[in-house]
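Remarks on the structure that follows.
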Amino acid sequence: MYELQRILTSRLPDEPPLVTLREAFISFSSYLEDRRDIIRARFELVQKNPELQARLAQISDEWVGVVERVLGRHIGLEEPDVRTRLLAAVGVTALRIAVENWIESEHATLASLTRENFRIIEESWSAEVKV
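Encoded structure:
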């Protein structure tokens with residue numbers, strides 16, 4: 113978590129929040145690349161243990177809280193708001209899904225999967241939604 117905080121705080125202050133998140137999570141994904149075996153072992157252990165699944169959900173919420181606070185400060189807010197909470201949750205979820213796909217993949221890099229998830233998010237948000 114500290115590495116992600118460091119990466120987020122090092123981003124340029126004038127870039128849009130979604131760009132900050134995208135680039136920070138891609139950079140963080142690159143940082144995690146050489147930890148694949150450890151992450152895979154932990155993932156498999158969690159999948160077999162409901163108590164660990166609950167703890168992982170709690171940790172995910174903690175990550176969202178950290179990201180929303182750092183992102184809020186990054187864009188000049190004294191306190192996080194609904195926008196920073198939403199963006200933080202989207203970023204953490206994009207990374208989680210990338211990690212799940214990375215564990216199952218033999219060839220993809222975590223950074224490429226994270227980049228693809230953010231591409232989908234950006235395309236989806238910029239597309240006109242028809243109900």
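Numbering (the numbering used here), first residue to last: 113 to 243.
Just so you know, even glycine gets a beta-carbon here, dropped at the ideal spot from N, CA and C.
- Annotated as proximal: LEU120 and VAL182, with beta-carbon spacing under 7 Å.
- Secondary structure of PRO192 (DSSP, three-state): coil.
- With fewer than 16 other CB atoms across the displayed protein chains lying within 10 angstroms of its CB, LEU124 is exposed.
- Cβ-Cβ separation between ILE171 and ILE215: approximately 17 Å, too far for a contact (criterion under 8 Å).
- In this chain, the alpha helix (DSSP H) harbouring ASP173 covers 162-186.
- The straight-line gap separating the alpha-carbon atoms of VAL158 and ASN213 is approximately 16 Å.
- Look at THR221 here: in three-state DSSP terms it is coil, with no helix or strand label.
- With distances taken between CA atoms, ILE232 lies nearest to LEU130 out of SER122, GLN117, GLU115, LEU130.
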